[in-house]
Amino acid sequence: MRSSVIASAVVAAIVGFGGTLALIIAAAQALGATQAQTASWVTALCLAMFISTGFLSWRYKMPIITAWSTPGLALIGASTGFTMQQGVGAFIVTAIAIIITGLVKPVSGLVSKIPASIASGMLAGVLFAFLTGAARTIPVDPLFVLPLVLLFFVIRLFNPAMAVLAVLSGGILFAFLSGRVASVPDIGLSTLTLIMPVFDTRAIIGIALPLYLVTMASQNLPGFAVLRAAGYEPPTAAALRVTGLLSLLTAPFGAHTSNMAAISAAICTGPDAHPDPAQRWLTGPFYALSYLILAIFGASLVALFAVLPAPLIALVAGLALIGAFANALTIALKNETERLAAVVTFAVTASGISIAGIGAAFWALVAGLLVVAFDHAKKHI
Numbered sequence: 075m076r077s078s079v080i081a082s083a084v085v086a087a088i089v090g091f092g093g094t095l096a097l098i099i100a101a102a103q104a105l106g107a108t109q110a111q112t113a114s115w116v117t118a119l120c121l122a123m124f125i126s127t128g129f130l131s132w133r134y135k136m137p138i139i140t141a142w143s144t145p146g147l148a149l150i151g152a153s154t155g156f157t158m159q160q161g162v163g164a165f166i167v168t169a170i171a172i173i174i175t176g177l178v179k180p181v182s183g184l185v186s187k188i189p190a191s192i193a194s195g196m197l198a199g200v201l202f203a204f205l206t207g208a209a210r211t212i213p214v215d216p217l218f219v220l221p222l223v224l225l226f227f228v229i230r231l232f233n234p235a236m237a238v239l240a241v242l243s244g245g246i247l248f249a250f251l252s253g254r255v256a257s258v259p260d261i262g263l264s265t266l267t268l269i270m271p272v273f274d275t276r277a278i279i280g281i282a283l284p285l286y287l288v289t290m291a292s293q294n295l296p297g298f299a300v301l302r303a304a305g306y307e308p309p310t311a312a313a314l315r316v317t318g319l320l321s322l323l324t325a326p327f328g329a330h331t332s333n334m335a336a337i338s339a340a341i342c343t344g345p346d347a348h349p350d351p352a353q354r355w356l357t358g359p360f361y362a363l364s365y366l367i368l369a370i371f372g373a374s375l376v377a378l379f380a381v382l383p384a385p386l387i388a389l390v391a392g393l394a395l396i397g398a399f400a401n402a403l404t405i406a407l408k409n410e411t412e413r414l415a416a417v418v419t420f421a422v423t424a425s426g427i428s429i430a431g432i433g434a435a436f437w438a439l440v441a442g443l444l445v446v447a448f449d450h451a452k453k454h455i
């Protein structure tokens, strides 16, 4: 057993967890979740990663790395007017949709027909609010925020994957040393909190549908692409069924969507993990074990985040999404014939409008698809 296998797996888990925990906190706050519900959300997600990655990697003998939907967290965090119970109902609907996609091939074909420019424009609009939120932390506490921003860009020169984690760990240390944290939370083991779902039409349209689309377009498809680029042929249908089922089982405990990983997968599927592609699947079990440990202490980590300065949470959330925003914007504007539709989609999403109680992400999809339809009709006139 090479030490690089274990190192790659542990680094991938830490980067994936540490870089997005702030987004979970933000999403939970948007839904009005209690600290216990937020801790349950984190714990359930980590358990889903433990089971899905461990099983899929062992079953198919390839490094099938799973994660939670980072763009999905941004979408949830940008939503307004929903309760945690309504959010759970939406998560269940999204999970069922992913399972159906893995079972019925025509459904996955239908999803693939949605223009990438529209899906990416919507994603970019969702992420935009987090980037501007990070920028707004500077005048709030410049002496605290600006050194962390500088740290991010310096670390990014040498190791982009560790930059957000460096800001998070450095920010926590800085906050304690500067007296910005009043007390240290108690360390305790995690517990799961059952949350009864409420199936609200507005939440299904405003959260479940966009969450499904961004998860498929921004997580699952790139995740499968990473495996193919590394020389593997991923079991796409089986992976969708497994992650969809685990999403369904963990949703009542607050967890949103489980899906394929992209960045974490790239760490575990490359030659740095193991020179022999046939042996790289071993990163999966160690990655899974790392998430089991994180699941055990998830409640303590949420308690720690609860006492941290608000600007630190907003800054880390924004910095964690810079790469995703740049990529989404690039894809959205790549196709010149659909550029107008992409811009309209982005603008409607970023506006944060709500019509009939349904959020901006849904109306952005409608607006973008209408512009595409008009452009196609114009060609036949």
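For what it's worth, our numbering labels the leading residue of the sequence shown as 75, then goes sequentially. Where a beta carbon is used, it is the ideal one built from N, C-alpha and C, also for glycine. Note that the structure is predicted; figures quoted are calculated from it, not measured.
In terms of CA proximity to residue 241, 93 leads the group 93, 159, 369 and 450. Under the 8 Å Cβ criterion, the segment 289–302 counts as touching the segment 317–335, having at least three qualifying pairs. Note on geometry: alpha-carbon atoms of residue 248 and residue 218 lie some 8 Å from one another. Straight across, the Cα-Cα distance linking residue 317 with residue 391 is about 24 Å. In the displayed model, residue 334 falls within a strand according to three-state DSSP. For residue 438, the enclosing alpha helix (DSSP H) has its first and last residue at 434–453.
Here the alpha carbons of residue 109 and residue 216 stand approximately 28 Å from one another.
Proximity of the segment 391–409 to the segment 189–196 meets the contact definition, three or more beta-carbon pairs being nearer than 8 Å. One alpha carbon belongs to residue 278, the other to residue 209, and they sit about 31 Å apart. Between the C-alpha atoms of residue 413 and residue 254 there is a straight-line separation of about 45 Å. Residue state for residue 108 is assigned as coil, using DSSP reduced to three classes.
Relative to the Cα of residue 421, the nearest Cα in the group 360, 411, 435 and 319 belongs to 435. Under the DSSP assignment, residue 169 falls in the alpha helix (DSSP H) whose first and last residues are 158–177. In this structure, residue 360 keeps its C-beta atom at 8 Å or more from the C-beta atom of residue 138. When the beta-carbon positions are compared, residue 346 and residue 82 come within less than 8 Å of each other. Scanning its chain for C-beta atoms nearer than 6 Å, with the 5 sequence neighbours on each side dropped, one finds no residue around residue 258.
The shortest CA-to-CA distance from residue 223 to any of 427, 411, 419 and 385 is the one to 385. For residue 141, the enclosing beta strand (DSSP E) starts and ends at 140–142.
Boundaries of the alpha helix (DSSP H) harbouring residue 286: 283–289, taken from the DSSP string. Residue 426 places its beta carbon less than 8 Å from that of residue 203. The segment 211–263 is shown to contain whole alpha helix (DSSP H) runs of 4 or more residues at 211–214, 216–232 and 234–251, in chain order.
Put simply, the backbone Cα of residue 376 is about 22 Å away from that of residue 235. For residue 387, the enclosing alpha helix (DSSP H) starts and ends at 384–394.
Sorting 252, 142 and 145 by C-alpha distance to the C-alpha of residue 383 places 252 at the top. Under the three-state reduction of DSSP, residue 429 is assigned to strand. Separation of residue 343 and residue 429 (C-alpha to C-alpha, rounded to the nearest whole angstrom) is 44 Å.
The segment 87–107 and the segment 142–149 touch, with three or more beta-carbon pairs separated by less than 8 Å. 8 Å or more divides the Cβ of residue 168 from the Cβ of residue 329. With a contact defined as Cβ atoms closer than 8 Å, residue 327 and residue 118 qualify at about 4 Å.
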